[in-house]
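Below is one structure, written out as C-alpha cells, with a few remarks after it.
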Amino acid sequence: MLVEFAGVPGSGKTTATKRLAQRLIDAKITVESAEEIAKQAPEDTNLPRYLRAHPDRLLLHRYVRFKRRNPRIDELALDAFEATPIRHLLFSLMAASHQVVRDNEDPRKIAVQDEGFVSHAVAMFLDRSEPDHFDEFV
C-alpha cells in the first residue's frame, strides 16, 4: 500500500509522514519509503535486454505503463502542458518514477511518501494560468 501526503510547502507533510511511519513501526508494521522501493526494485527479467541494459529506455517503458494504466491523466497533462513541453517532460518523469513504486510495492508493507507524484502533479497543474483541467484531474 502506498500512502502519499500532498499539500503546499510548509503544511506539515514531512512531519505527518514521519509520525505515521513511527506509529506503524510501533505497531510492528513494516514501513518503507517510496524511494527505498524504487531503489530496491528487482530487475524485470521479462523485459527485453535492450530495455534492461539502458536506464533511459527502462524509464520510458515505465512511463508507457503509466500511460496505459492512467490514460485520462496523461491526456490531461498533454493538453495542459502543450505550450510548455518541458513541463510535460517533467510530468512524464514523475509518472515513470511513480510507476516504478506501484509496480514494486509489497502488499505486506506500507510505503509512505511526503511529496510524490500527486503533490508534484497538482503543483504543476496549479501553476497554470488557466486551471480549467485541474478540477477534472483531481
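The sequence shown: position 37 = 47 (our numbering), numbered continuously.
Built from N, CA and C at the ideal position, the CB exists for glycine as well.
- The residue from M104, L12, E85 with its alpha-carbon nearest to that of T40 is L12.
- Nearest C-alpha to L103 among Y73, K28, A90: Y73.
- Under the three-state reduction of DSSP output, I39 falls in the coil class, being neither helix nor strand.
- With a beta-carbon spacing of about 29 Å, V122 and L61 fall beyond the 8 Å limit used to define contacts.
- A residue is called buried once 16 or more other Cβ atoms fall within 10 Å of its Cβ, and K28, having fewer, is exposed.
- For A90, the uninterrupted alpha helix (DSSP H) segment begins and ends at 81-90.
- Within the DSSP secondary-structure output, Q123 pairs in a beta bridge with E14.
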